[in-house]
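Heads up: the structure comes next, in structure tokens.
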Amino acid sequence: MGDAKAFLQRCGEAKAAAGAMGDPLIMHHYDCDGITSGSIVASWFEGSGKKYRMKAVRKVDSELVDSLQAEKEIIFVDLGSGSPSVDELKGDVVIIDHHQPMAKSHLQANPHLFGFDGGSELSAAGCAYFVFGVSADLGVVGAVGDIQCPLRSLNKRMLEEAVGQNAVEVSTDLRLFGRNSRPMTQLLLYADEPYLPGLTGHEEACAKFLSELGIELKKGEKWRTYHDLSASEKKKLVSSLAEMLSMKISPEAAGRLTGEVFTLLNRQEGTELRDASEFSTVLNACGRNSRAELGVDVCLSRLGAYEKALVLLAEHRRNLREGIGFAMKNSQDLGKFMLIDGRGVISDSIIGVVAGMLFPGARNKPVLALSLEESGKIKLSTRGTRKLVNDGLNLGKILTEVCAPIGGVGGGHNIAAGATIPNDRLDEFLLEFAKRV
Ligand SMILES: [Mn+2]
Numbered sequence: 264m265g266d267a268k269a270f271l272q273r274c275g276e277a278k279a280a281a282g283a284m285g286d287p288l289i290m291h292h293y294d295c296d297g298i299t300s301g302s303i304v305a306s307w308f309e310g311s312g313k314k315y316r317m318k319a320v321r322k323v324d325s326e327l328v329d330s331l332q333a334e335k336e337i338i339f340v341d342l343g344s345g346s347p348s349v350d351e352l353k354g355d356v357v358i359i360d361h362h363q364p365m366a367k368s369h370l371q372a373n374p375h376l377f378g379f380d381g382g383s384e385l386s387a388a389g390c391a392y393f394v395f396g397v398s399a400d401l402g403v404v405g406a407v408g409d410i411q412c413p414l415r416s417l418n419k420r421m422l423e424e425a426v427g428q429n430a431v432e433v434s435t436d437l438r439l440f441g442r443n444s445r446p447m448t449q450l451l452l453y454a455d456e457p458y459l460p461g462l463t464g465h466e467e468a469c470a471k472f473l474s475e476l477g478i479e480l481k482k483g484e485k486w487r488t489y490h491d492l493s494a495s496e497k498k499k500l501v502s503s504l505a506e507m508l509s510m511k512i513s514p515e516a517a518g519r520l521t522g523e524v525f526t527l528l529n530r531q532e533g534t535e536l537r538d539a540s541e542f543s544t545v546l547n548a549c550g551r552n553s554r555a556e557l558g559v560d561v562c563l564s565r566l567g568a569y570e571k572a573l574v575l576l577a578e579h580r581r582n583l584r585e586g587i588g589f590a591m592k593n594s595q596d597l598g599k600f601m602l603i604d605g606r607g608v609i610s611d612s613i614i615g616v617v618a619g620m621l622f623p624g625a626r627n628k629p630v631l632a633l634s635l636e637e638s639g640k641i642k643l644s645t646r647g648t649r650k651l652v653n654d655g656l657n658l659g660k661i662l663t664e665v666c667a668p669i670g671g672v673g674g675g676h677n678i679a680a681g682a683t684i685p686n687d688r689l690d691e692f693l694l695e696f697a698k699r700v
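Take the sequence shown: its letter number 284 is residue 547 in my numbering, and every next letter is one higher.
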């Protein structure tokens with residue numbers, strides 16, 4: 264059991280320290296949770312009429328820390344805790360993060376330090392919300408983006424506050440990613456939570472499945488989304504998917520098909536931004552195309568940002584489609600885990616999503632996916648399942664420990680983690696990783 268009171272007290276200290284800064288540099292992670300948490304901080308600074316600067320990064324390493332030595336005031340968001348090198352920074356530093364804490368020298372608002380699991384009980388966006396008390400809806404988007412549903416513990420507390428502020432509405436519906444924005448075929452094609460056997464990754468099978476249910480794919484020129492279906496079409500679709508899952512996987516998998524969905528009442532209706540999970544897709548598209556600052560503009564409702572982000576979203580989907588297509592055809596079962604070698608084929612910016620999409624639950628084994636960074640190093644991404652984590656799997660810990668002796672850097676959460684390793688140490692990594700999972 265975590266100590267919520269002590270955590271909230273630390274959040275208050277973090278707010279006081281951040282609020283005392285004159286013109287801090289907000290360093291945030293480039294993914295959905297990093298963009299939303301960074302935006303929450305920015306939104307508070309703007310609301311208070313204070314100056315700030317922002318920069319998104321993919322990771323904090325000693326080179327980055329060296330380049331920050333001249334900064335007098337830094338706020339790390341969704342970053343920092345996992346990087347002991349930030350201890351070397353001389354200026355004022357506040358860390359708002361939910362990764363497993365390795366850094367020690369600066370003030371940190373991090374749920375792990377108070378007995379909460381940052382991988383499932385609170386994301387960085389939620390942490391930033393508890394520090395600054397603004398933009399609860401972005402807190403929910405961050406949690407959804409970091410795959411922390413169903414929201415419980417501190418996430419749940421944040422959600423209840425968001426509902427109380429009329430910022431978020433919770434309902435029960437189909438939980439597949441893309442309900443409001445993806446054409447029907449793609450909704451099924453990319454389904455990964457739950458994974459739909461025979462449909463996920465098989466475009467023709469998805470089209471056939473829908474036509475057998477009598478669901479038209481288009482209305483006029485426009486592709487229909489789940490949101491566009493009639494109540495009876497929705498019911499038909501959900502019950503036949505549930506039946507199929509219950510038969511081919513388990514009644515429990517069928518149960519995961521529907522669940523809590525979050526409507527963001529302050530965001531424009533009919534857009535992706537109205538739904539927490541769609542919103543998170545838009546932000547991931549920005550971040551993964553090196554346009555995290557555009558994601559921040561979207562979060563802060565800056566004029567024209569949403570339209571620009573949609574263009575990136577279309578591109579992001581095309582890359583994902585190609586990446587998942589490759590992964591489906593080329594994944595290898597190595598006994599202890601599944602391997603996708605996407606080096607030179609799948610971009611390092613989407614390798615994590617692809618790893619998650621080749622849902623490990625299909626075989627109940629962790630997935631390990633490899634890609635190549637521009638620097639020539641290998642970026643790898645691993646994904647587990649709740650069941651494996653409950654049985655004791657901790658991918659973040661494994662990667663931290665396996666990578667250090669071979670000159671790599673790794674870490675993350677128990678269910679999802681990533682690392683960068685030198686190209687010529689891959690064999691050693693694979694041997695050691697297999698031993699540990
Ligand atoms: Mn995060």
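Yeah, the Cβ is synthetic: ideal placement off N, Cα and C, and Gly gets one too.
Considering only the beta carbon of each residue, do residue i and residue j sit closer than 9 Å?
{"i": "Leu-417", "j": "Pro-364", "result": "no"}
{"i": "Val-404", "j": "Ser-513", "result": "no"}
{"i": "Arg-530", "j": "Thr-488", "result": "no"}
{"i": "Ala-372", "j": "Asp-296", "result": "no"}
{"i": "Val-545", "j": "Gly-558", "result": "yes"}
{"i": "Ile-337", "j": "Leu-401", "result": "no"}
{"i": "His-292", "j": "Ser-300", "result": "yes"}
{"i": "Gly-681", "j": "Leu-662", "result": "yes"}
{"i": "Gly-522", "j": "Gly-378", "result": "no"}
{"i": "Ser-444", "j": "Asp-409", "result": "no"}
{"i": "Ile-613", "j": "Leu-633", "result": "no"}
{"i": "Phe-393", "j": "Phe-270", "result": "yes"}
{"i": "Leu-370", "j": "Ala-283", "result": "no"}
{"i": "Ser-502", "j": "Phe-440", "result": "no"}
{"i": "Lys-322", "j": "Asp-350", "result": "no"}
{"i": "Asn-686", "j": "Val-616", "result": "no"}
{"i": "Ala-618", "j": "Ala-590", "result": "yes"}
{"i": "Thr-324", "j": "Val-340", "result": "Residue identity check: residue 324 is Asp in the sequence provided, not Thr. No, the Cβ-Cβ distance between Asp-324 and Val-340 is not below 9 Å."}
{"i": "Leu-520", "j": "Pro-457", "result": "yes"}
{"i": "Ala-577", "j": "Arg-420", "result": "no"}
{"i": "Leu-658", "j": "Arg-646", "result": "yes"}
{"i": "Gly-345", "j": "Gly-675", "result": "yes"}
{"i": "Ala-280", "j": "Asp-355", "result": "yes"}
{"i": "Phe-472", "j": "Leu-492", "result": "no"}
Rounded to whole angstroms, what's the CA-CA distance from residue i to residue j? Just pull it up for me.
{"i": "Ala-470", "j": "Thr-448", "result": "6 Å"}
{"i": "Ala-667", "j": "Pro-347", "result": "13 Å"}
{"i": "Gly-670", "j": "Leu-437", "result": "44 Å"}
{"i": "Lys-498", "j": "Thr-526", "result": "20 Å"}
{"i": "Glu-326", "j": "Ile-678", "result": "28 Å"}
{"i": "Cys-274", "j": "Ser-398", "result": "15 Å"}
{"i": "Ala-305", "j": "Glu-432", "result": "24 Å"}
{"i": "Thr-683", "j": "Gly-673", "result": "6 Å"}
{"i": "Glu-466", "j": "Gly-586", "result": "14 Å"}
{"i": "Asp-604", "j": "Asp-690", "result": "13 Å"}
{"i": "Ile-641", "j": "Phe-692", "result": "11 Å"}
{"i": "Ile-298", "j": "Ser-610", "result": "20 Å"}
{"i": "Glu-309", "j": "Lys-660", "result": "37 Å"}
{"i": "Ala-454", "j": "Gln-332", "result": "44 Å"}
{"i": "Ala-555", "j": "Glu-695", "result": "34 Å"}
{"i": "Asp-294", "j": "Leu-508", "result": "31 Å"}
{"i": "Leu-703", "j": "Trp-307", "result": "The structure shown has nothing for residue 703, since the chain only spans 264 to 700."}
{"i": "Leu-480", "j": "Ser-474", "result": "8 Å"}
{"i": "Asp-538", "j": "Leu-528", "result": "9 Å"}
Locate the beta strand (DSSP E) running through residue i, then write down its first and last residues.
{"i": "Glu-432", "result": "431 to 437"}
{"i": "Phe-440", "result": "Premise fails: Phe-440 is in no beta strand (DSSP E) and is neither H nor E."}
{"i": "Val-608", "result": "Element bounds for Val-608: n/a, residue is neither H nor E."}
{"i": "Arg-581", "result": "Premise fails: Arg-581 lies in the alpha helix (DSSP H), 568 to 593, not in any beta strand (DSSP E)."}
{"i": "Gly-522", "result": "521 to 527"}
{"i": "Ser-634", "result": "630 to 635"}
{"i": "Gln-371", "result": "370 to 372"}
At what residues does the alpha helix (DSSP H) containing residue i begin and finish?
{"i": "Lys-498", "result": "494 to 511"}
{"i": "Lys-642", "result": "No alpha helix (DSSP H) holds Lys-642; the beta strand (DSSP E) holding it covers 641 to 646."}
{"i": "Ala-279", "result": "267 to 282"}
{"i": "Val-559", "result": "555 to 562"}
{"i": "Glu-691", "result": "689 to 699"}
{"i": "Met-290", "result": "Run containing Met-290: none in the alpha helix (DSSP H); it sits in the beta strand (DSSP E), 288 to 292."}
{"i": "Thr-488", "result": "Unbroken run through Thr-488: none, as it is neither H nor E."}
{"i": "Val-615", "result": "Val is not the amino acid found at residue 615; the sequence shown has Gly there. It spans 614 to 620 - the alpha helix (DSSP H) in which Gly-615 sits, taken as one unbroken run."}
{"i": "Phe-542", "result": "539 to 551"}
{"i": "Ser-474", "result": "466 to 475"}
{"i": "Gly-518", "result": "514 to 518"}
{"i": "Met-447", "result": "447 to 452"}
Cβ of residue i within 8 Å of any heavy atom in ligand 2?
{"i": "His-361", "result": "As presented, the structure is devoid of ligand 2, carrying ligand 1 as its sole ligands."}
Report the residue ranges of all beta strand (DSSP E) runs contained in full by the region 648 to 682; include only those spanning at least 3 residues, in chain order. List check, beta strand (DSSP E) in window: 672 to 675.
Whole beta strand (DSSP E) elements within the region 386 to 438, 3-residue minimum: The region 386 to 438 contains these whole beta strand (DSSP E) runs: 431 to 437.
List in chain order: all unbroken alpha helix (DSSP H) runs of 4+ residues lying wholly within the region 299 to 360. Complete alpha helix (DSSP H) runs here, min 4: 325 to 330.
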